[in-house]
Structure formats: C-alpha cells, structure tokens
Amino acid sequence: MTDTRLTRRELLQRGAGAVIAAGLAAAGGYALYDPKGNRGLRTANDAALKLKNYFADIDFPASSPRLSIATGGPESMEKLVRAAIGGLDPSQGIKRFIAKGDVVLIKPNVGFDRAPHLGATTNPEVLRWTIRLCNEAGAGRVIIADNPIESPDACFSKSGIKEIADAEGAKVMLPAENTFATLAIRDRAPDPTRGEALGRWQLFHRPLADATKVIGLAPIKDHNLCGASMNLKNWYGLLGGRRNQFHQAIHNIISDLGLMMSPTLVIADGTRVMMRNGPTGGRTTDVKPGGEIGRPTIVASVDPVACDAWCYQHLLGRDPAKLAYLEMAQRKIAEQTATGVKRLGERDWQAYERAGLIAKAVL
Amino acid sequence: MPTLFARRYRRAYVGPLEKALGVLIFVALAALVAAFVGQFLTGPRPSAIAQGSMEPGEAAGVTAIAGKGSAADAETAGPNPFPDAGAADWKAPAQASHYTPDNLYMKIDGRADLYLQYHVVAMTFGTYAHASDPQRTIDVYWYDLGQPDNAQGIYRTEAPPDATAVPVGRQGYQGGGAVFFVKGSHYVQVLPTGPDESDGAAALTIAGKIAQLIQDAAGDEWAPKVLPAKGRVEGSIEFAASDVFDLDFLANVYTADYEHEGGRIKLFIHRAENDAAAAAVFEKYKEFFGEFGKIIWTDPDTSRCIVAGEASDVIDAVFVKGRYLGGVSAADDLETAKKAAREFYDAIAP
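Printed below as a string of structure tokens:
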C-alpha cells in the first residue's frame, strides 16, 4: 500500500490552495451577486439608447394619402379597419407598411382596468382586425404592449385586450423589471422654457427593441389635464418611473413623446369616443360612437400630429389650434426633419386636404 | 485509506494546466452557488411588476417592488368596508384597495388631479364578483372628499345633465347599469363590467347597501339661496374647490349658468370667512387684472364695489359685498358683464 500521508510542504501548499480557492469563490460570488436583479439593465450613466425611426424605411410616395378616414356602422369592424388602412395605399394596403417577417409592435391604450364599452381603452375588436391585417401581410410576430400604472394583468384582462391578442396569436408583453431601459430623447437636459420635458428617461423598451415596425392604436378620449388623449398621448403609456410628475407640464411631455416616437403608422380608434370625464370615464353616457360624427370612425395615418388634429376637431368637436401640444409637437418634429430625419408632423390637417392627401370612405 | 471513489492506482503526476482548470471549475461553481443563495434569500420575486417611483438615473423602471413594506402592500392594507352585495349570486370584495391623495394616480391616472382639486382624502376600491360567471364583476370606487361640499362638487362636475335619478344616497343617478351617488362627504361609483341590465339591478342594490353605511351630512347649501333663481339653468350649479377659473387665489366657489338677454352667462359666488377675507380676494382679483390685462370699468356708483377687467381676451366682472365675492365670468362683452354683475350684486341681501 502506498504511503498517502502528507508532508508538511504538501499540507501548507494544499491549505494555501484551499484558502485561495475560498477567497476567489467569495470574490466571484460577490461579483455575481445581484440583490435587486437589475444588474443587466442600463443605468443613466451608461450610454443611453436612442429609439429608432420606425417610419424611415417605409417607401411612401409623396402622392399617397397622409390620412385615411373610414366611417361606418358598428356591424363590421373588419371593413372599417381594412378601409382605413387600405385608404393609405389602395393597391398594397397594409403591405405598404408591414413586410414579410416583420416583428410588429401594436401599442393600444390599456391604461385602466375598465370594461371595453366604457371607452377608456382601445376597442378590442379594432385591435383584432389590426392584428389580422399584420398577419395577412406576413408579419413574423405581433407584440401587444402597454405599461399601465395600475395592475397590468387586471387592465389587459378587463379591457378585453388580452383575450383578443391571445385569440389572434399575438404576444402580450407585460412590463417587468428587466424590460425597461434608459432612452435618450435628447442629448442634453430638457429646457422647460422651450416646452421640453424629457432628456433621458426610463422606457418600457423591450417590445420596442424587438420590433421592426410600430403601430400606435389609440382610442380618442377627453382628458382632464391635456384636453384629449389620442395617438401622441398614447406613447405616455410606455414611460416608466414616476411619470405622474409630468402632469405639471403635460403639453411639454406629450409633444416630447411625439418627438421621441416616429411610428410606422398610427390608427385612431373613434369607435367609442369618450366625450367627457376623461380619461377614465365610467358612464356609458360619457361615450359616443364616432363622437361628433355619430358613427364609428377609424383613422389611419402616417402623420400622428395631423391625425390627432383631425380627430380633435371632428370626433371631439374642438379646435385643434387651441390644443397646445399639437403646435409644440409640430415645432419639435420640424426641427428634427430639418436635420434630414424622415417623418411627418403637420398640425394643419387641412393642408393635406387642399393637397388631396386625405382618403375618405363611408361604409 | 479507503475512499468512496478510490482509484485503483495513484496518479503520480497531475499537470499544472489540469490543476488550474480544476481550481477554476471549483471556484466558478462555488461562486454560482454563493450568488444563487444570496439572491434567493434577499432578492425580489420574479413576478414583481414595474411601476411606481423612480427618479431619472435609477437603474430600473421599478422601485416599488411587491414585498414587505412596499407601496403595493400599502394599497391593500386596512379594513375592508364593503358590505354584502344583498343581490343574489354576487359576492362582496375579498379585499379592499386603499388609495391616498399621494397614490390615487395609480388607479385613475390623469383623472386624479381633478379629485385632488376637490381635496380628496381617500379612495377605497373593491370588486364584487358574480358567483358563477367570472367575467361579470361590479367595481366600486368609494371616494371620501372630507367635506359634503367637496363631494357635491365633484359629483355635480361629473354628472351628465340628463342623468336618470335613482333614490340612493342624498343624490344619485344611473346610466348604462352604473350607479353614482353622493352622501355626506362621500362620492361612490358602482360600475358593472358590462352594460347588462341585470347587473345594473345588482349595482343599484349594492349602491343602496353601501349608502346605508355612510353617515349623511348636508353641505351648507347656502349657494342656491344666494345665486339668483331667475334665469338659472336647471342643474347648472357646480362647486369648484380650488384654482377656480385657473386662478390660484380663488377657491371654494359655486358657479351657475344663466339665460340672460338672449345669451348665456356664468355667475359665480364665494363666501369668505369674514368681510376682510372677501376684500382680500377682491384685491387679488384686481391685481390679476393688472398683471395679465387691465381693469376696464369701475362702477361709478360708489355704493357698489364692482370692477370689470379684461385678461387673456376674457372679460370678468367682480364685486365684493360683505363676506361675499361674486361676479360674472367670461362674459361676451363689457355691457353684459356690467349689467349682470350689478343685478347680481343688488340681489344679495346686505
């Protein structure tokens, strides 16, 4: 039998080795330890992300309509959605915007745990047909995402959005800790004297990072603080952090959101317009199908500012010249396009009408 | 010496590379175990949902993590005040969520600010569930406004002009199945998930049961007696608790619409603690005219203390009489403002 006893030298060597190994293990454990689970996320000190321009790659002829308005009875949501989107390009329809294999993020308003008929959230049937059109165009994946302040599960469930998304095979992405990132909306601190609110801010970014195309799908609502919640305001739902602090500068933040997000397409859901007591409502009497038009209406547009202006005037019956954030968004986007950025932001929707760039369908 | 995994032959030599790899594997495994244990004992649960407070520069979109002492826990702490439904097949909320003025925005973001203007003290939320159909629920938003005047104010602000009255609380109405009522300093909204008529009946029963729990108290109700009855548009009296007409010095004001010489005007009235306090608000109104426009008329009859001013293209006429400050807001023209303000002034008993 071989003698296996340790010599003093071997004992010291092995002891030292064990101590070193234990120390390295402790150091490794400390390095990997992540008590908040946020280690993988970017901080404000990192190079902040910039949101891509989801409209930039769209080959959109100058002669194509900027706004497409479809009005009809409540019996066929499919026809309304098809007519609205199809009006932007009668030959290609949704395929003008969605290519085969695209990952499409549809951002509805799911801000409250209210039933669909109260009009506080996007009409699930409008969402259903928007998803179907994307799938018909060959989208590889459709993501539905929003970041409600109150329980996202309850909001997605009670609003009917989750049920429709599941039924149509879209993926609902709920906010969670590792889905936020710091976005640089501008490269300097915001200047409130210029109507600015955002410099760098936490955004529900994961769905945007995955997406190659983004569609805003907002219900048209009265809003207690800012006059109206439409497509520009809809991006507010992507903000993280203590976003209620922006209520004091609501027009600054909404116009900044218009600057931040250049979507592929926006769709205004005017099927159940909340005419008063917004943005929560609660009474069926607060809601009017089609608002001032009186019949369910869907507006599709490549210009979110013009779309909001048109809806504010025709669905809510108010003067867009008096809605501060529209003018501010137009100014901010104009500064952007002056540097060569490809996008649209025209408050004066009538300029499009004069140029024959509005399509209308009455069903 | 026997071991569990004894070798048949002792290895005479273990190379330095083999030793280094062994140490590295050991260290990595140990580090992973240590990190996992640490994370499991102290880290957040994976289900924590992003919401709430975060300042710019913090790492994540979340600091209010569901867990001990978090904001999420605070919402459901406290008593459950909801009574039995009193309607067949409906179950009372298993728990109540409590909101304060600080976190009301978490439930009604964008609308909370209006309730803050009416000095909301608390809101309690609960959901009545149908026994056999989980899709059918009735949500209750139970606001405590602190004072009956505040509760009446927000109730009147939100009520549609053609609401169908129901005998619940001090005043109530029902539309599309939902029931809204005010009683004492409380304003309660009972909202069925769907517009089903039978759920509307259950909502009415639940509203009645909740109303029984609320102590009634009338507001002072002085305003309907002071505001002129002649020409007043029915149901147009509203109460605004703060920042009235976007003026930060003007609070606790009643307004009402009037048919006046073929047009429509809005009168307003505020009752101060005493004459001096009313006079102080009057002076602030005049300062406002001076800062953002100008005083365009002062009543030459010095027995009346009335001025009219124009600011931001809006003409107001304002008077002070004893502890009352009143006037005409956003008149179409100066002559209308002068005439209506004088009539209102004269109608108030000295």
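As they're listed, the protein sequences go chains X and U. Note that the first sequence covers residues 1 to 363 in this note's numbering. Note that the second sequence covers residues 1001 to 1350 in this note's numbering. Built from N, CA and C at the ideal position, the CB exists for glycine as well. Computed from a predicted model, the values in this text were never measured in an experiment.
Check: Comparing the C-beta of A228/X with each C-beta of chain U, is any distance below 9 angstroms?
Finding: Position 228 of the first sequence holds residue 228/X. Not closer than 9 angstroms to any Cβ of chain U, the Cβ of A228/X fails to qualify, so no.
Next item on the list: Determine, using beta carbons only, whether V1027/U and A21/X come nearer to each other than 9 angstroms.
Entry: Reading the second sequence from its first residue, position 27 is the one you call residue 1027/U. Reading the first sequence from its first residue, position 21 is the one you call residue 21/X. Their beta carbons are under 9 angstroms apart, which means V1027/U touches A21/X by this criterion.
Notebook entry, point to check: Are the stretch 106–122 of chain X and the stretch 224–240 of chain X touching by the rule of at least three beta carbon pairs closer than 8 angstroms?
Noted result: yes
Note to self: Counting only Cβ pairs nearer than 7 angstroms, list the residues of chain X close to E1158/U.
What the structure shows: Indexing the second sequence from 1 puts residue 1158/U at position 158. Going along chain X in sequence order, the residues near E1158/U (Cβ under 7 angstroms) are N277.
Notebook entry, point to check: Does the beta carbon of H223/X come closer than 9 angstroms to any beta carbon on chain U?
Noted result: As a position in the first sequence, residue 223/X is number 223, starting the count at 1. By this cut-off, H223/X is an interface position.
Margin query: Please tell me whether G1126/U and F1180/U are closer than 9 angstroms, where the distance is taken between their beta carbons.
Written below: Here residue 1126/U is taken as the residue at index 126 of the second sequence, counted from 1. Here residue 1180/U is taken as the residue at index 180 of the second sequence, counted from 1. Cβ atoms of G1126/U and F1180/U: not closer than 9 angstroms.
Notebook entry, point to check: What do you get for A1222/U, buried or exposed, if any count of 16 or more other CB atoms within 10 angstroms of its CB means buried?
Noted result: The residue labelled residue 1222/U in the question sits at position 222 within the second sequence. It should be noted that the sequence gives Trp, not Ala, for residue 1222/U. Exposed, since its Cβ has fewer than 16 Cβ neighbours within 10 Å.
Next item on the list: Determine the chain X residues that contact R1111/U at a beta-carbon separation under 7 angstroms, and present them in chain order.
Entry: On the second sequence, position 111 is the one that residue 1111/U refers to. Within chain X, the residues near R1111/U are N224, P279, T280.
Check: Can a CB atom of chain U be found closer than 9 angstroms to the CB of H247/X?
Finding: In the first sequence, the residue the question calls residue 247/X occupies position 247. Yes, H247/X lies at the interface with chain U (some Cβ there is under 9 angstroms from its Cβ).
Notebook entry, point to check: Is it right to say Y1115/U is buried, meaning 16 or more other beta carbons lie within 10 angstroms of its own, or is it exposed?
Noted result: Locating residue 1115/U in the second sequence gives position 115, counting from the first residue. The residue in question, Y1115/U, is buried, as its Cβ has 16 or more Cβ neighbours within 10 Å.
Margin query: What does the alpha-carbon distance come out to for the pair G1184/U and L1325/U?
Written below: Position 184 of the second sequence, counted from the start, is the residue given in the question as residue 1184/U. Position 325 of the second sequence, counted from the start, is the residue given in the question as residue 1325/U. Roughly 26 angstroms separates the two Cα atoms.
Margin query: Can you find the residues in the same chain that come closer than 7 angstroms, C-beta to C-beta, to D1199/U, ignoring five residues on each side of it along the sequence?
Written below: Counting from 1 along the second sequence, the entry for residue 1199/U is found at position 199. For D1199/U, where only same-chain residues beyond five positions count, the Cβ hits under 7 angstroms are R1136, I1138, G1177, P1192.
Item checked: Proximity below 9 angstroms, CB of I131/X to CB of G160/X -> Taking the first sequence and counting its residues from 1, the one referred to as residue 131/X is at position 131. Taking the first sequence and counting its residues from 1, the one referred to as residue 160/X is at position 160. No.
Item checked: Runs of beta strand (DSSP E) lying entirely within the stretch 253–282 of chain X, each at least 3 residues, in chain order -> 265–274
Checklist line | Pairwise C-alpha distance: N147/X and Q248/X | finding: By one-based count along the first sequence, residue 248/X stands at place 248. By one-based count along the first sequence, residue 147/X stands at place 147. When rounded, the distance between both Cα atoms is 20 angstroms.
Next item on the list: Compute the distance between the beta-carbons of R1323/U and E1238/U, then report whether it is under 9 angstroms.
Entry: The residue you call residue 1323/U lines up with position 323 of the second sequence. The residue you call residue 1238/U lines up with position 238 of the second sequence. Contact flag unset, no.
Check: Quick one: is Y1345/U buried, meaning 16 or more other Cβ sit within 10 Å of its Cβ, or exposed?
Finding: Position 345 of the second sequence, counting from 1, holds the residue named residue 1345/U. Buried, since its Cβ has 16 or more Cβ neighbours within 10 Å.
Notebook entry, point to check: Just curious, the alpha helix (DSSP H) that W129/X is in, first and last residue?
Noted result: Locating residue 129/X in the first sequence gives position 129, counting from the first residue. Per DSSP, W129/X belongs to the alpha helix (DSSP H) from 124–136.
Check: The beta strand (DSSP E) with K171/X in it runs from where to where?
Finding: Taking the first residue of the first sequence as 1, we reach residue 171/X at position 171. Unbroken beta strand (DSSP E) run through K171/X: 171–173.
Checklist line | Buried versus exposed, by CB contacts within 10 Å (16 or more), P1350/U | finding: Position 350 of the second sequence holds residue 1350/U. The residue is exposed, with fewer than 16 neighbouring Cβ atoms inside 10 Å.
Checklist line | Length of the line joining the Cα atoms of A359/X and P289/X | finding: Residue mapping note: residue 359/X aligns to position 359 of the first sequence, counting from 1. Residue mapping note: residue 289/X aligns to position 289 of the first sequence, counting from 1. Approximately 21 angstroms between the Cα atoms of the pair.
Note to self: On the CB-based measure, 16 or more other CB atoms within 10 Å of its CB, does A1218/U come out buried or exposed?
What the structure shows: Mapped onto the second sequence, residue 1218/U falls at position 218. When all chains shown are included, A1218/U counts as exposed.
Notebook entry, point to check: Which stretch, first to last residue, makes up the alpha helix (DSSP H) that contains S417/X?
Noted result: The displayed coordinates of chain X run from 1 to 363. Any statement about residue 417/X would go beyond what the structure contains.
Next item on the list: Thinking L183/X and H205/X are a contact (beta carbons under 8 angstroms), I'd like their distance in whole angstroms, please.
Entry: Here residue 183/X corresponds to residue number 183 of the first sequence, with the count starting at 1. Here residue 205/X corresponds to residue number 205 of the first sequence, with the count starting at 1. With 8 angstroms as the limit, L183/X and H205/X qualify as a contact, their Cβ atoms being about 7 angstroms apart.
Item checked: Outcome for N1274/U when other beta-carbon atoms lying within 10 angstroms are tallied against a minimum of 16 -> Against the second sequence, residue 1274/U aligns to sequence position 274. By the neighbour-count rule (16 or more Cβ atoms within 10 Å), N1274/U is not buried but exposed.
Next item on the list: Please check if any C-beta of chain X sits within less than 9 angstroms of the C-beta of T1255/U.
Entry: If you number the second sequence from 1, residue 1255/U lands on position 255. Not one chain X Cβ lies under 9 angstroms of T1255/U.
Note to self: Just to confirm my understanding: we take A189/X, look at its own chain, exclude 5 residues before and 5 after, and list those with CB closer than 7 angstroms. What are they?
What the structure shows: Along the first sequence, one-based indexing puts residue 189/X at 189. So the list reads G199, once near-sequence residues are dropped.
Next item on the list: Check whether the Cβ of A306/X lies closer than 9 angstroms to any Cβ atom in chain U.
Entry: Along the first sequence, read from residue 1 onward, the residue named residue 306/X stands at position 306. Not one chain U Cβ lies under 9 angstroms of A306/X.
Next item on the list: Put F948/U into one of helix, strand or coil per three-state DSSP.
Entry: Nothing about residue 948/U can be reported from this structure: the residues present for chain U run from 1001 to 1350 only.
Check: Buried or exposed: G73/X, going by 16 or more other Cβ atoms within 10 Å of its Cβ?
Finding: Counting from 1 along the first sequence, the entry for residue 73/X is found at position 73. Result: exposed.
Next item on the list: Provide the residue span of the alpha helix (DSSP H) that contains T1255/U, from first to last.
Entry: Counted from its first residue, the second sequence places residue 1255/U at position 255. From DSSP, T1255/U is part of no alpha helix (DSSP H) but of the beta strand (DSSP E) over 1253–1260.
Item checked: Chain-ordered chain X contacts of K1107/U [CB-CB under 7 angstroms] -> Here the question's residue 1107/U lines up with position 107 in the second sequence. Neighbours of K1107/U on chain X, chain order: E150.
Next item on the list: Measure the CB-CB distance between V273/X and P320/X and report whether it falls below 9 angstroms.
Entry: Indexing the first sequence from 1 puts residue 273/X at position 273. Indexing the first sequence from 1 puts residue 320/X at position 320. Contact: no.
Checklist line | C-alpha distance - R295/X paired with T271/X, whole-angstrom precision | finding: Counted from its first residue, the first sequence places residue 295/X at position 295. Counted from its first residue, the first sequence places residue 271/X at position 271. For R295/X and T271/X, the distance between alpha carbons rounds to 7 angstroms.
Notebook entry, point to check: Quick one: complete beta strand (DSSP E) runs, 3+ long, within the stretch 39–120 of chain X?
Noted result: 67–71, 103–108
Checklist line | Nearest-angstrom beta carbon gap, D1109/U and N252/X [assumed within contact, 8 angstroms] | finding: Here the question's residue 252/X lines up with position 252 in the first sequence. Here the question's residue 1109/U lines up with position 109 in the second sequence. No, N252/X and D1109/U are not in contact; Cβ-Cβ is about 17 angstroms, not under 8 angstroms.
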